[in-house]
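Below is one structure, written out as structure tokens; comments come after it.
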Amino acid sequence: MEELIKNNPTVSEYHRNLAQTYEEEGQYERAVDGLIDALKWDPTNHWALILMGNIHIRYYNDVNTAMTYFDQVMETDPDNYVALNNIGGTFLQLGKLNLAERYLSKAYKANPTFPHITLGLGLVSFEKGELPTAFDYAIETFKNEEHVDGAVFQKALQLALESARSLGKQQVGKETLVDYKLLAYYYVSWALAIPEMLKELQMPFEREYELAITLSGKASE
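In terms of my numbering, the sequence shown opens at residue 501 and continues consecutively.
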């Protein structure tokens, strides 16, 4: 990469790739220097802006500086849902829920069917105690994630089950888990071959419970 930069010093992505290597090696100051060069040649390089923000927030604990870079991404390309999702995911991992929700909501507006986004918003809602909303986002993720064995689907399943379990324990708000929501909860539990969860978490809606079993049987025929 250094040879490429020597021969093509004005290519922003070469500088960004080298900076990412330094970041992965823990050489954060050299990474920042490389990103400065990347942004010198292309101030709108979104991945350089995101990496610069990530370094400041993860390793320097400097949220304000990180925000200046993240906001540039949002300003220059508000429909770049992948970039916005990555920023939101960074804040979510750090437990900064309001900031995570801010960027994930922008990403959702740009692409409401991207499963990583709906999963992220569901996790934010769960951490904030907004359990019905968390459950809704989990169901949205099921609808849009094709890889049933993948990490996103499995995480969404866990989120749905934990949200429903928490609602049941609280005895508050579970009346909102009716019709398709409750049915979806029972159905995904049964369809993924964990009927023991149904016994543990069964709620007093026998009709929907029976219908879920019937549907799961038809789906397996």
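Glycine included, each C-beta is placed from N, C-alpha and C at the ideal position.
Legend entry - Pick from 608, 569, 558 that is closest to residue 593, judged by C-alpha positions: Here residue 593 refers to the residue found at position 93 when the sequence shown is read from its first residue. Comparing Cα-Cα distances from residue 593 to each of 608, 569, 558, the minimum goes to 558.
Inset, instruction - Could you spell out the range, first to last residue, of the alpha helix (DSSP H) harbouring residue 525? - result: Locating residue 525 in the sequence shown gives position 25, where the first residue counts as 1. Per DSSP, residue 525 lies in no alpha helix (DSSP H) segment and is marked neither H nor E.
Inset, instruction - Evaluate the contact criterion for the segment 596-608 versus the segment 568-585: three or more CB pairs, one atom per stretch, below 8 Å. - result: Yes, since at least three Cβ pairs between the segment 596-608 and the segment 568-585 fall closer than 8 Å, the two stretches touch.
Inset, instruction - Starting from the C-beta of residue 565, find all residues in its chain whose C-beta is less than 7 Å away, skip the five residues before and the five after it, and write them out in chain order. - result: As a position in the sequence shown, residue 565 is number 65, starting the count at 1. 556, listed in sequence order.
Inset, instruction - Output the residue ranges of the alpha helix (DSSP H) runs that lie fully inside the segment 533-572 and measure 4 residues or longer, sorted by chain position. - result: Counting only runs of 4 or more, we get 546-558.
Inset, instruction - Rounded to whole angstroms, what's the CA-CA distance from residue 639 to residue 516? Just pull it up for me. - result: To locate residue 639, count along the sequence shown from 1; it is residue 139. To locate residue 516, count along the sequence shown from 1; it is residue 16. Going from the Cα of residue 639 to the Cα of residue 516 covers about 37 Å.
Legend entry - Outcome for residue 560 when other beta-carbon atoms lying within 10 angstroms are tallied against a minimum of 16: Here residue 560 refers to the residue found at position 60 when the sequence shown is read from its first residue. Exposed, by the Cβ-count rule.
Inset, instruction - Closer than 7 Å by C-beta to residue 574: which residues in its own chain qualify, once you throw out the five before and the five after it? Chain order, please. - result: To locate residue 574, count along the sequence shown from 1; it is residue 74. Cβ neighbours of residue 574 beyond the five flanking positions: 584, 606.
Legend entry - Three-state class that DSSP yields for residue 585 in the structure shown: Mapped onto the sequence shown, residue 585 falls at position 85. In the three-state reduction of the DSSP assignment, residue 585 falls in the helix class, which pools H, G and I.
Legend entry - Local Cβ density within 10 Å of residue 543, reported as buried at 16 or more and exposed below that: The sequence position of residue 543 within the sequence shown is 43, counting from 1. Residue 543 counts as exposed, since fewer than 16 other C-beta atoms from the protein chains shown sit within 10 angstroms of its C-beta.
Legend entry - Cβ shell of residue 680 (< 6 Å), same chain only, five flanking positions each side left out: For the purposes of this step, residue 680 is taken as residue 180 along the sequence shown, with counting starting at 1. Note that residue 680 has pLDDT 47, beneath the 50 cutoff, so the model's placement of it is unreliable and the number below is only indicative. Excluding residues up to 5 positions away in sequence, nothing lies with its Cβ nearer than 6 Å to the Cβ of residue 680 in the same chain.
Legend entry - Coil, strand or helix - residue 580 by DSSP: In the sequence shown, residue 580 corresponds to position 80, counting from 1. DSSP places residue 580 in coil when its eight states are reduced to three.
Inset, instruction - Check the C-beta distance from residue 581 over to residue 591 and give it rounded, since I have them as a contact under 8 Å. - result: Position 81 of the sequence shown, counting from 1, holds the residue named residue 581. Position 91 of the sequence shown, counting from 1, holds the residue named residue 591. With a Cβ gap of about 16 Å, residue 581 and residue 591 do not count as contacting.
Legend entry - residue 512 versus 522, 627, 548, residue with shortest Cα-Cα distance: Along the sequence shown, read from residue 1 onward, the residue named residue 512 stands at position 12. Residue 512 has its Cα closest to that of 548, out of 522, 627, 548.
Legend entry - Rounded separation between residue 502 and residue 646 - CA only: For the purposes of this step, residue 502 is taken as residue 2 along the sequence shown, with counting starting at 1. For the purposes of this step, residue 646 is taken as residue 146 along the sequence shown, with counting starting at 1. Here the C-alpha atom of residue 502 lies approximately 40 Å from the C-alpha atom of residue 646.
Legend entry - residue 624 in three-state terms, based on DSSP: Taking the first residue of the sequence shown as 1, we reach residue 624 at position 124. Residue state, collapsed to three classes: helix.
Inset, instruction - Output the boundary residues of the alpha helix (DSSP H) element that contains residue 612. - result: Reading the sequence shown from its first residue, position 112 is the one you call residue 612. Secondary structure note for residue 612: it is in no alpha helix (DSSP H), with a DSSP letter that is neither H nor E.
Inset, instruction - Using beta-carbon positions only, say whether residue 637 and residue 622 come within less than 9 Å of one another. - result: As a first step, residue 637 is located in the sequence shown; it is residue number 137 there, counting from the start. As a first step, residue 622 is located in the sequence shown; it is residue number 122 there, counting from the start. In this structure, the beta-carbon distance from residue 637 to residue 622 falls below 9 Å.
Legend entry - Cβ shell of residue 505 (< 7 Å), same chain only, five flanking positions each side left out: Position 5 of the sequence shown, counted from the first residue, corresponds to residue 505. Residues 514, 515, 518 of the same chain have their beta carbon placed closer than 7 Å to that of residue 505, with the five preceding and five following residues left out of the count.
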